[in-house]
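Asker:
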Amino acid sequence: MQYAIVALTGMVLVLLVLVSFDRHTVRRVMPVVLAAFTVRLAVHAMLMRNPLVTVGIGDSVYYERAALAVVDLWRREGLHFVTADQVQSLHSVAVPCNLFALVIYLCDGPASLACTAVVAAVSCALGVVMYKFGRLVGADARACLFLLGLTVFTPAFLAHTSDMFKDGFNAFLVVTSLWVGARNMRRFDPRNLVALAPLLWGLWHVRPYMVFMCALPLVVGVSGLKRLISPRALLLFAVIAFGLLQGGLTESAPFETMRRQLEYGQAESVLRSNAAGGSGVEFDDGGNAWDHLGTKLLYTVLSPFPWTDGSLLLQLGKIEALIWYFLLFGAVRGVRRLWARDRRIVMFLLLFIVPGTVVYATTMSNVGLIMRQRMPIVMVTSLLAAVAWSRRPGDGSAGVPAQPGAPEGEVLASRAGLGGFPAGGLPAWGGALPAGAGPRVGPAAPRPRA
Numbered sequence: 040m041q042y043a044i045v046a047l048t049g050m051v052l053v054l055l056v057l058v059s060f061d062r063h064t065v066r067r068v069m070p071v072v073l074a075a076f077t078v079r080l081a082v083h084a085m086l087m088r089n090p091l092v093t094v095g096i097g098d099s100v101y102y103e104r105a106a107l108a109v110v111d112l113w114r115r116e117g118l119h120f121v122t123a124d125q126v127q128s129l130h131s132v133a134v135p136c137n138l139f140a141l142v143i144y145l146c147d148g149p150a151s152l153a154c155t156a157v158v159a160a161v162s163c164a165l166g167v168v169m170y171k172f173g174r175l176v177g178a179d180a181r182a183c184l185f186l187l188g189l190t191v192f193t194p195a196f197l198a199h200t201s202d203m204f205k206d207g208f209n210a211f212l213v214v215t216s217l218w219v220g221a222r223n224m225r226r227f228d229p230r231n232l233v234a235l236a237p238l239l240w241g242l243w244h245v246r247p248y249m250v251f252m253c254a255l256p257l258v259v260g261v262s263g264l265k266r267l268i269s270p271r272a273l274l275l276f277a278v279i280a281f282g283l284l285q286g287g288l289t290e291s292a293p294f295e296t297m298r299r300q301l302e303y304g305q306a307e308s309v310l311r312s313n314a315a316g317g318s319g320v321e322f323d324d325g326g327n328a329w330d331h332l333g334t335k336l337l338y339t340v341l342s343p344f345p346w347t348d349g350s351l352l353l354q355l356g357k358i359e360a361l362i363w364y365f366l367l368f369g370a371v372r373g374v375r376r377l378w379a380r381d382r383r384i385v386m387f388l389l390l391f392i393v394p395g396t397v398v399y400a401t402t403m404s405n406v407g408l409i410m411r412q413r414m415p416i417v418m419v420t421s422l423l424a425a426v427a428w429s430r431r432p433g434d435g436s437a438g439v440p441a442q443p444g445a446p447e448g449e450v451l452a453s454r455a456g457l458g459g460f461p462a463g464g465l466p467a468w469g470g471a472l473p474a475g476a477g478p479r480v481g482p483a484a485p486r487p488r489a
């Protein structure tokens, strides 16, 4: 039964690619997605669950035990969605563990390979979303394909989606929610609001505090605001929201849940416990989570540093850090380029990146842990880098520049038009025609004499 579920998840992934892109894009995207899916299954079999190799990470065992507890409950009470109220070990991991439990229930016993296939499919689906999000932001097809490959094959993300972890679910739900919000900011559509509901519900049952980290950009995207999206207005809104949370003016259950999680993450006892590992970091802040914030931000964004000592896994994490430095450099260039033509999308992405980084900095105590926590931030930042990787108009091989929100086949359609016009008529980007484009106007050529 395990192999049947593996095959089924692979078929679903193929179908997702087929319905998401045109034929030309499918031919480029499909091999990358299937390779990423296969590599994850191979890493799971040869490394994660190989008794001769000790690189497996303990969280996967914890989630598997929680899923087995859900299966035992189902056998007594029947199939239903189980929360932490019924199984205490499901705290903030109800969605992944219920999915794992369903696979185990169908296989009538432990089925780590089949569960990993589900995780691998979700992580590859995230690659598809990253490609489409990149096109929406304004990156060209070439840069988005590179972005897709970098997303699914980044070492840390690959390792944490090759077993029964929740990191793949978390990243998928966060990035997809932001993508839907950005689409709605481009063009209001009630279907986007419908799509956001299950995404945020699922995220609440994976990492609840991430719902609030996504809240500010999503409010902007869902409201469809255009003229009010300015750095000054958004900064004022962020300060007011932060004051409400810190001042205790919000008494609703969701806000109370987020405050409790933030206080727990900033608690000195928790920070010391996390720092006790081989990659732990301690700050002399006197128990004040907001003290030495600059140093904490430095560690949150740039660690592990090349000179850091630690375990073998920490040393391997330096490869991840080098990729992250490359993305940061590209993101700075991407912001400069995108700011000139679409400030709204820049502010939308920064509303997630900046507050999320600051909040994580207040809980910084372990390099390995922060590398896992910042995965969604890394992915959203890489969208800006993809804009920098895109070829500028006039480079020769780039053709028509990718426009924010342009459909995938716009470049091909524009090349198919006559006289520089797109196949559908006037240029899709509006404004004046480029030099030499359009039909020539002038005296008719003389007719040859008979």
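Counting with this note's numbering, you get residues 40 to 489 for the letters of the sequence shown. Beta carbons: idealized from backbone N, C-alpha and C, even for Gly.
(1) Secondary structure at residue 137, three-state DSSP: helix, strand or coil?
(2) When the distance is taken between beta carbons, is residue 406 closer than 9 angstroms to residue 356?
(3) When you compare the region 134-150 with the region 399-416, are there three or more beta-carbon pairs, one atom per stretch, that lie closer than 8 angstroms?
(4) Pick from 108, 60, 91, 135: whose alpha carbon is nearest that of residue 240?
(5) Buried or exposed for residue 175, please, with buried defined as at least 16 other CB atoms from any protein chain shown within 10 angstroms of its CB.
(6) In terms of alpha-carbon separation, which member of 85, 81, 132 lies closest to residue 103?
(7) Could you compute how far the alpha carbon of residue 209 sits from the alpha carbon of residue 197?
(8) Return the Cβ separation of residue 178 and residue 165 in integer angstroms, given the expectation that the two are a contact with Cβ distance under 8 angstroms.
(9) Taking all protein chains shown into account, do 16 or more other C-beta atoms lie within 10 angstroms of the C-beta of residue 120, making it buried, or fewer, making it exposed?
(10) In angstroms with no decimal places, state the Cα-to-Cα distance between residue 205 and residue 242.
(11) Alpha carbon to alpha carbon, what distance is there between residue 192 and residue 75?
(12) Comparing C-alpha positions only, which one of 257, 244, 249, 189 sits nearest to residue 235?
(13) By how many angstroms is the C-alpha of residue 65 removed from the C-alpha of residue 57?
(14) Considering Cα atoms alone, identify which of 212, 408, 195 is closest to residue 169.
(15) Using three-state DSSP, classify residue 223 as helix, strand or coil.
(16) Tell me whether residue 327 sits in a helix, a strand or coil according to DSSP, three-state version.
(17) Would DSSP call residue 405 helix, strand or coil?
(18) Tell me which same chain residues have a C-beta within less than 7 angstroms of the C-beta of residue 55, skipping the five on either side of it?
(19) Residue 388 and residue 423 look like a contact to me (Cβ under 8 angstroms); what is the Cβ gap, rounded to whole Å?
(20) Between which two residues does the alpha helix (DSSP H) containing residue 203 stretch?
(21) Report, in whole angstroms, the separation of the C-beta atoms of residue 160 and residue 128, which I expect to be a contact under 8 angstroms.
(22) Hey, residue 156 and residue 45 are a contact pair by Cβ (cut 8 angstroms); roughly how many whole angstroms apart?
(23) Does residue 375 come out as helix, strand or coil in the three-state DSSP assignment?
(24) Report the option in 49, 354, 339, 43 whose CA atom is closest to the CA atom of residue 392.
(25) Note down, in chain order, each residue of its chain lying with its Cβ closer than 7 angstroms to the Cβ of residue 125, except the 5 sequence neighbours on either side.
(26) Please return the same chain residues whose Cβ sits closer than 7 angstroms to the Cβ of residue 378, not counting the five positions on each side in sequence.
(27) Express the C-alpha separation of residue 69 and residue 48 in angstroms, rounding to a whole number.
(28) Are there 16 or more other CB atoms within 10 angstroms of the CB of residue 370, so buried, or fewer, so exposed?
(29) Would you mind stating whether residue 195 and residue 40 have Cβ atoms separated by less than 9 angstroms?
(30) Please go through the same chain and pick out, in chain order, the residues whose beta-carbon is closer than 7 angstroms to the beta-carbon of residue 395, but skip the five residues on each side of it.
(31) Mind checking if residue 55 is an interface residue toward chain D, Cβ cutoff 9 angstroms exclusive?
(32) According to the neighbour-count rule (16 or more other Cβ atoms, all chains shown, within 10 Å of its Cβ), is residue 530 buried or exposed?
(33) If you follow the alpha helix (DSSP H) that residue 116 is in, where does it begin and where does it stop?
(34) In whole angstroms, give me the CA-to-CA distance for residue 39 and residue 359.
(35) Taking DSSP as the reference, what is the three-state secondary structure of residue 346?
Answerer: A quick look at the data gives this:
(1) The answer is helix: DSSP assigns residue 137 an H, G or I state.
(2) In this structure, residue 356 sits near residue 406, with a CB-CB distance shorter than 9 angstroms.
(3) A contact between stretches requires three or more CB pairs, one per stretch, nearer than 8 angstroms, and the region 134-150 fails this requirement with the region 399-416.
(4) Nearest C-alpha to residue 240: 135.
(5) Buried, because 16 or more other Cβ atoms sit within 10 Å of the Cβ of residue 175.
(6) Considering only alpha carbons, the answer is 132.
(7) Across the structure, residue 209 and residue 197 are spaced so that their CA atoms are roughly 14 angstroms apart.
(8) Approximately 16 angstroms separates the beta-carbon atoms of residue 178 and residue 165; this is outside 8 angstroms, ruling out the contact.
(9) Classification of residue 120: exposed, given that the 10 Å Cβ count is below 16.
(10) Spanning the two alpha carbons is a distance of roughly 11 angstroms.
(11) One C-alpha to the other measures close to 7 angstroms.
(12) Comparing alpha carbon positions, the residue from 257, 244, 249, 189 closest to residue 235 is 257.
(13) Cα to Cα, residue 57 sits roughly 6 angstroms from residue 65.
(14) Checking every option, the nearest Cα to that of residue 169 belongs to 212.
(15) DSSP, reduced to helix, strand and coil, places residue 223 within a helical segment of the structure shown.
(16) DSSP places residue 327 in coil when its eight states are reduced to three.
(17) Residue 405 sits in a strand when the DSSP states are folded into three classes.
(18) Around residue 55: 164, 167.
(19) Between residue 423 and residue 388 the Cβ distance is about 6 angstroms, and since that is below 8 angstroms, they are a contact.
(20) First-last for residue 203: undefined, no H or E at that position.
(21) That pair is no contact at about 25 angstroms.
(22) Contact flag correct, Cβ pair sits at about 4 angstroms.
(23) The answer is helix: DSSP assigns residue 375 an H, G or I state.
(24) Between residue 392 and the set 49, 354, 339, 43, the nearest pair of CA atoms involves 339.
(25) For residue 125, where only same-chain residues beyond five positions count, the Cβ hits under 7 angstroms are 112.
(26) Residues of the same chain with a CB within less than 7 angstroms of the CB of residue 378, apart from the 5 flanking positions on each side, are 385 in chain order.
(27) Taking C-alpha positions only, residue 48 is separated from residue 69 by approximately 15 angstroms.
(28) Buried is the call here.
(29) Not a contact, by the Cβ cut-off of 9 angstroms.
(30) Excluding its 5 nearest sequence neighbours in each direction, residue 395 has C-beta neighbours in its own chain below 7 angstroms: 252, 416, listed in chain order.
(31) The structure shown has no chain D; it contains just one protein chain.
(32) Residue 530 lies beyond the residue range present for the chain, which begins at 40 and ends at 489; the question has no answer from this structure.
(33) Start and end: 97-116.
(34) The chain is shown from 40 up to 489; residue 39 falls before or after that span and cannot be answered.
(35) In the structure shown, residue 346 adopts coil according to DSSP, grouped into three states.
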